[in-house]
Every structure is written in C-alpha cells, then in structure tokens.
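Peer 1:
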Amino acid sequence: MIILKKQQIGEMIRHSIAGLPNESCGLIAGTVENDCKTIERVYLLRNIDESPEHFSMDVREQFAAVADMRKNGWKLIGNFHSHPQTPSRPSREDIRLAFDPSLSYLILSLANSREPVLNSFLIRNQSVEKEEIKSLE
C-alpha cells in the first residue's frame, strides 16, 4: 500500500498538466514499514525527452533528489510519470524499463484532464500488480 497526502497528488497533477502535451515525471520518497509505503516527498523532475510517449529524467535532478532523500533518511519508494492520452496502466515500454521489483510505479492518466486517474503498480519479471493507494488529507 502507498500512502500519499492529497497535496502530493495535487503536485503530481499540476506538474503533469503543466508538462502537456508531453509526459511528466518524478521520484517519490518516504518510509517503508512492512508493506506500507508512506510518501514524505514528491520530487518533480524534468522530462528531458520532451515526448508525449516516453520520458527520461534529468540526471542532475535525480542526483539532487537522492541526496535530499539521504539527508532526510528517506528511501526511494518509486517514480511517477504521466500518460497524457492513455489510461493509467503500464505500457509495454513501462514494463520493459521497470528495473527494480521493489519500487512502486505510479502512473497518472490525463486522458480526461478534468478527472485525472492515479494508479500505482508493482512490476516484477514483466508481471504487473496493482498496488493500493490511500490518500490522506
């Protein structure tokens, strides 16, 4: 289970809408206890590919985010990216590029920008499992 604050979800939505028509991306960090992942910070990163179909995170921004995580004692929980025109589920490319089975892969669909849809997935050995998201005030 992923626990996020509504404010953090709002940050991802605003970042993704601002990045249209391209995909947007970022990292999520926090704490892990048993199977419960509590998000402490969302790092909004630049998609250097500037593409509506895929993303690559800026390496310098990634290093800065990881340094901040270490400073605060947080773990890398996973990443997020948007799908500007498609549903909130991993594409073939998302599955192929999922490099760490312990990470959560959050996908925000803006296919209907008035009603964005956020889902989280665990991807292990090319197999996709939906992960529960709990949002807090």
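In the numbering used here, the protein residues as written are 7 to 143.
Glycine is no exception: its CB is placed at the ideal position from the N, C-alpha and C atoms.
Report the rounded CA-to-CA distance for Glu138 versus Met7, giving the unit in angstroms.
Peer 2: Distance between the alpha carbons of Glu138 and Met7: 5 Å.
Peer 1: Does DSSP put Glu56 in a helix, a strand or coil?
Peer 2: It is coil, neither helix nor strand.
Peer 1: On the three-state DSSP scale, how would you describe Ala117?
Peer 2: Coil, per DSSP.
Peer 1: Below 8 Å on the Cβ atoms is my guess for Ile23 versus Gly36; work out the distance and round it to an integer in Å.
Peer 2: Not really, about 24 Å apart at Cβ, beyond 8 Å.
Peer 1: What is the DSSP secondary structure of Met188, counted as helix, strand or coil?
Peer 2: Look at the range of the chain in this structure, 7 to 143, and you will see that residue 188 is not part of it.
Peer 1: If you run the structure through DSSP and keep just helix, strand and coil, what is Glu143?
Peer 2: Three-state result, Glu143: coil.
Peer 1: Is the beta carbon of Ile19 sitting closer than 8 Å to the one on Ser141?
Peer 2: Cβ distance not < 8 Å, so Ile19 and Ser141 don't count as in contact.
Peer 1: Assuming Ala24 is part of the beta strand (DSSP E), what are its boundary residues?
Peer 2: Unbroken run through Ala24 is the alpha helix (DSSP H), Lys12 to Ala24; no beta strand (DSSP E).
Peer 1: Scan the segment 24-89 and note each continuous alpha helix (DSSP H) run of 4 residues or more that stays entirely inside, going in chain order.
Peer 2: Runs of the alpha helix (DSSP H) inside the segment 24-89: 65-78.
Peer 1: Roughly how many whole angstroms lie between the Cα atoms of Asp55 and Leu116?
Peer 2: Distance between the alpha carbons of Asp55 and Leu116: 18 Å.
Peer 1: On a Cα-Cα basis, can you pick out the residue from Asp64, Gln91 and Leu128 that is closest to Gly84?
Peer 2: The shortest Cα separation from Gly84 among Asp64, Gln91 and Leu128 belongs to Leu128.
Peer 1: What are the residues that DSSP puts in a beta bridge with Glu137?
Peer 2: In the DSSP output, where bridge partners are listed per residue, Glu137 has Ser126.
Peer 1: Classify Leu112 as helix, strand or coil using the three-state DSSP reduction.
Peer 2: Strand.
Peer 1: In angstroms with no decimal places, state the Cα-to-Cα distance between Arg95 and Cys31.
Peer 2: Answer to the nearest angstrom: the Cα atoms are 15 Å apart.
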